[in-house]
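Student: Here it is, the structure, as structure tokens.
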């Protein structure tokens, strides 16, 4: 076994885990690395941020996935450097050598230099951030209940989501429903019209990747839920509880959630090659680094253009299909066969807006309303890993749907010490 | 309504919430105060610490309980001072006046001056502490997997629980099962006998409040699960990964959990009366402060001796019965009737040790094994608040029982910022 090629996979997101699955049982030794011991099912993260789900329901322990994969080891480490020349990965727990390297460390928030939002707003790229946001939103209402100053009360009750892509749309809709169904009953003396949810988008429509009809439908649904949808609106700064808009307008708020852009993981820089827009790493059609046939980059980190010259979107489906291809290409190379090129099969896109409201573009057709919503529920349950997580999510959904309640609104947080503790 | 007496209840634990329930609908205005927006069902906290349950399953949002109580308001505040003479409660969000005051702020860790344990060990008195412990235990195994130093590996895999009461017994048993069933499968290359769980108790038997027969049974059960039970063993210090024992023995470990003592909430000192052992506040048989017929103290904070001259134990059942009595006494006083004295109805005690293993002393009889375990399951499900929490716990238990797995082992933690954020 010692002479089998050693594959290191960095990152256990949708892409990395797919590579691991494809290499399970093959004649390679695989070492899977991640900062966390779990995979996050981030399409449902907005439900954690709005108290509809507990974080464990959408976090799956990596060791649970790989238990049956005998040729695979998993290590919780932070990757610090990559040395392509000497084929080394430097981590906080030692240096590792590889024969094949798969880099799939995903993406992180891109604040485009808006420091005020980076420091005082809320990112929304991982579960800890979703938890911080959940606790903050609920604490804003608790604070408002004891706040004497009317201006501060208004700031506490105004929630702004920046970015009208699927993440922003889903989060804004869920926040509006949280206010409408849960906060209204939790704070019977609160004038519910005093609580505002705004969705701010630079372009002239939401969901740019969807057909225009669905963009219109989504905006209409959100407005019916009470969301103030502002199109053609750029954010220029955020400070001291005031969000500044390009036209000079100022919105008082204590909550600005950033869903307006991502950039590749900073690990991309460690590869030492020229990067593309958003810090993404250009790869060949076979998904390896130009000049390095044993270094593969996939998912949100990879930059590859489709036949129309557009980069493939930073989506879970792209990452998973790329992961599958890389595992196949690694094995093909071993067998002396030619590498396969990446061919993306677009499975469509969907976004949920609220109870019985969603939009979906699948099989070239547009869906909205309850049908799209049921499709959305089914697809997300299907893609969740593990029977336990599926049961937990299903029961939470049933409970939330039937009671209009959100059970996970206790603002539990591990103490700061947690971050530094062994 | 303005001329109705105003009752302030500090603390939404088992005692405080029971007072609130008893006053719901009565001719009083009630203001309920707590630092958190949730009640913790702490009898199941050890299951959160050992990845068997997610924290939200045993946290119930206070506003969910009080929704139907029209004469009740709830505020998330930290109480800083109490002025008995002027009938004021000073909080971080303003000063409040009261006609009747119920102090039920519970208890906190008592490290008896062992600073090493306080600073480097783990308390186990609230959900954030349970989460920190869970993440730490799992990270210890992850660390051990990449640790080159054999001594450090041993420290990382040695888990010590100090205190052989129900909390310590349940935690040690659950840790042993976590190692035995989950860690063994998660780390197939780990020699499982290298992982140690120790339970250290000063007295000559575990579960001092139980009949001796059950103490012996509990120790035997724990030993069968692989726990190293050390009786007549005092801890004298903890530093740099070494726990010191009175006889001079030293045990290398990175995990010392303190379950060996509690003291009344520091708020007891704010009352300005002489305190009893453990910082508890002496109260009359009617449960008010001597000389202050409108200041009631209940639960872990209160000191009252039973007819045999022993203080009532710091248990949920005592707090709940005291809470019920105080709400009744407040209403009796309003009606000009004499106050009732506290009469404790001992409903028995139980502790679970592991799968199909528990001990219970109920109706004057001793139970152990599967019967005690089923009794324990039923009682704890019954006392949990809310249908959602019951379903979540039941499903988790069924899953854990059938699969020998623990689903909640993703080491998710909100970032430090969370602690200071609005």
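Protein chains in written order, with this note's numbering: chain A, 59 to 480; chain B, 59 to 480.
Quick reminder that beta carbons are idealized off the backbone N, C-alpha and C, glycines included.
For clarity, every value in this text was computed on a predicted model and none was experimentally measured.
Under the assumption that residue 426(A) contacts residue 275(A) (Cβ atoms under 8 Å), give the Cβ distance between them as a whole number of angstroms.
Tutor: 5 Å
Student: Give the straight-line distance between the Cα atoms of residue 141(B) and residue 355(B), rounded to the nearest whole angstrom.
Tutor: Linking residue 141(B) to residue 355(B) through their CA atoms gives a straight-line distance of about 15 Å.
Student: Residue 66(B) versus chain A: which residues are under 7 Å apart at the beta carbon?
Tutor: Per Cβ cutoff of 7 Å: no residues; residue 66(B) is ~14 Å from chain A at best.
Student: Where in the segment 167 to 248 of chain A do unbroken runs of the beta strand (DSSP E), each at least 3 residues long, occur, reported from the N-terminal end onward?
Tutor: 216 to 220
Student: Could you give the distance in angstroms between the alpha-carbon of residue 178(B) and the alpha-carbon of residue 297(A)?
Tutor: 38 Å
Student: At a Cβ threshold of 7 Å, is residue 315(B) touching chain A?
Tutor: no
Student: What's the gap between the Cα of residue 93(A) and the Cα of residue 131(A)?
Tutor: 14 Å
Student: In chain B, which residues lie with their C-beta within 9 Å of the C-beta of residue 94(A)?
Tutor: 468, 469 and 470
Student: Provide the residue span of the beta strand (DSSP E) that contains residue 104(A), from first to last.
Tutor: Unbroken run through residue 104(A) is the alpha helix (DSSP H), 103 to 107; no beta strand (DSSP E).
Student: Does the beta carbon of residue 242(A) come closer than 7 Å to any beta carbon on chain B?
Tutor: no
Student: For residue 183(B), does the count of other Cβ atoms within 10 angstroms reach 16, so buried, or fall short, so exposed?
Tutor: buried
Student: Only counting runs of 4 or more residues, tell me where the alpha helix (DSSP H) segments fall wholly within the segment 83 to 140 of chain B, in order along the chain.
Tutor: If we require 4 residues or more, the alpha helix (DSSP H) runs fully inside the segment 83 to 140 of chain B come out as 103 to 107 and 120 to 124.
Student: Residue 267(B) to residue 315(A), Cα distance in whole Å?
Tutor: As the crow flies, the alpha-carbon of residue 267(B) is around 52 Å from that of residue 315(A).
Student: Is the number of C-beta pairs between the segment 395 to 405 of chain A and the segment 331 to 347 of chain A that are closer than 8 Å three or more?
Tutor: yes
Student: Just the chain E side, please: which residues come within less than 8 Å of residue 135(A) by C-beta, in chain order?
Tutor: The structure shown contains no chain E; its protein chains are A and B.
Student: Out of 391(B), 421(B), 88(B) and 291(B), state which residue places its alpha-carbon closest to the alpha-carbon of residue 304(B).
Tutor: 291(B)
Student: Is the CB-CB distance between residue 96(B) and residue 72(B) below 7 Å?
Tutor: Not closer than 7 Å, so no.
Student: Quick one: list the residues of chain A neighbouring residue 151(B), beta-carbon separation under 7 Å, in chain order.
Tutor: Chain A residues near residue 151(B): 204.
Student: Between which residues of its own chain and residue 113(A) is the CB-CB distance below 8 Å, once the five residues before and five after are set aside?
Tutor: 106, 185, 188 and 189
Student: Residue 153(B) and residue 146(B): beta carbons closer than 7 Å?
Tutor: yes
Student: Find out if the Cβ-Cβ distance for the pair residue 360(A), residue 339(A) is shorter than 7 Å.
Tutor: yes
Student: Using a C-beta to C-beta distance shorter than 7 Å, which residues of chain B count as neighbours of residue 112(A)?
Tutor: 112 and 114, listed in chain order.
Student: Is the CB-CB distance between residue 369(A) and residue 363(A) below 7 Å?
Tutor: yes
Student: Taking a cut of 7 Å between CB atoms, which residues from the segment 182 to 208 of chain B lie near chain A?
Tutor: Here the close residues are 185, 186, 189, 190, 193, 194, 196, 197, 198, 200, 201, 203 and 204.
Student: What does residue 310(A) pair with, by DSSP beta-bridge criteria?
Tutor: 300(A)
Student: Terminal residues of the continuous alpha helix (DSSP H) containing residue 275(B)?
Tutor: 270 to 282
Student: Which residues in the same chain have their Cβ closer than 7 Å to the Cβ of residue 262(B), if we skip the five residues on either side of it in sequence?
Tutor: Counting only Cβ-Cβ distances below 7 Å, and skipping sequence neighbours, we find 289 and 290.
Student: Check whether the Cβ atoms of residue 457(B) and residue 213(A) sit closer than 7 Å, and answer yes or no.
Tutor: no
Student: In whole angstroms, what is the alpha-carbon distance linking residue 204(A) and residue 151(B)?
Tutor: 7 Å
Student: Taking the alpha-carbon positions, what's the residue 166(B) to residue 221(B) distance?
Tutor: 15 Å
Student: Which residue from 216(B), 135(B), 411(B) and 450(B) puts its Cα closest to that of residue 281(B)?
Tutor: 411(B)
Student: Straight-line CA distance for residue 422(B) to residue 406(B)?
Tutor: 8 Å
Student: Using the C-alpha atoms, what's the distance from residue 100(A) back to residue 226(A)?
Tutor: 13 Å
Student: From 219(A), 195(A), 82(A) and 243(A), pick the residue whose C-alpha is nearest to that of residue 127(B); which is it?
Tutor: 243(A)
Student: Please report whether the beta-carbon of residue 465(A) lies at a distance below 7 Å from any beta-carbon of chain B.
Tutor: yes
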